[in-house]
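Residue numbers (our numbering), protein chains in the order written: chain A, 25 to 132; chain B, 163 to 279.
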């Protein structure tokens, strides 16, 4: 089977940089995705890594190391609206296996 | 352009009852997946429909069934409800592009929150 581990909660202040780590176990996958979910809302796609290395999308960057079974999401210039849950997910052909999520709390 | 729409948004059922949840995918998408999200957990894959057929299924009992219609909309049915079925049920749509064609980006709806008493 597949499993992912990420911290349950991370706190940071506005303007800071925060990194959310994700380790996984799998026999095979296409890539590592990251989704954001505000309380009571729909998960929304943030970033995807098919290959090792860094992908940058605005204030968000994501990293994958297949040899270390490890990835992370980096959020820069944190804003209050970034307070949400963040999920890493192993991407199959057309399905996702999600971790339990990391709740990010941004304070003023 | 409307995204994924789900109905109803909230519903309450009692144990043993049956429930039907509905989903309209994002315009242009042809694949619909259903996920169950328990409180404080990540979404768990239930099954996926493509071309009106169940293409993949997660580790859920056959009390969970579904359907996809010719217009790509979908229904999730749960029979003989248990207390443990209380969760947020998320529908996600995507465009089937073939293997290794890039990010598997799912567009999620806001979900149907089911409470079983």
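Where is the CB? At the ideal position from N, CA and C, for every residue including glycine.
- The residues 187 and 192, in chain order, have a CB closer than 6 Å to that of residue 234 of chain B in the same chain once the five nearest residues on each side in sequence are set aside.
- Going by DSSP, residue 98 of chain A is part of the beta strand (DSSP E) stretching over 94-99.
- Between residue 226 of chain B and residue 240 of chain B, the beta carbon gap of about 6 Å places them in contact (Cβ cut-off 8 Å).
- If only complete runs of 3 or more residues are kept, the region 176-216 of chain B shows the beta strand (DSSP E) at 181-186, 193-199 and 206-212, in order along the chain.
- Looking at the DSSP output, residue 28 of chain A bridges to A:48.
- Residues of the region 264-275 of chain B that bring their beta carbon within less than 9 Å of a beta carbon in chain A comprise 264, 265, 266, 267, 268, 269, 270, 271, 272, 273 and 275, in sequence order.
- Proximity of chain A to residue 193 of chain B at the Cβ level (cut-off 7 Å) is accounted for by 118, in chain order.
- Closer than 8 Å to the CB of residue 115 of chain A there is at least one CB belonging to chain B.
- Residue pairing of residue 267 of chain B in beta bridges, as defined by DSSP: absent, with no partner found.
- As the crow flies, the alpha-carbon of residue 275 of chain B is around 6 Å from that of residue 171 of chain B.
- With its beta carbon at least 8 Å from every one in chain B, residue 77 of chain A lies outside the interface.
- For residue 245 of chain B, the secondary structure class from DSSP, reduced to helix, strand or coil, is helix.
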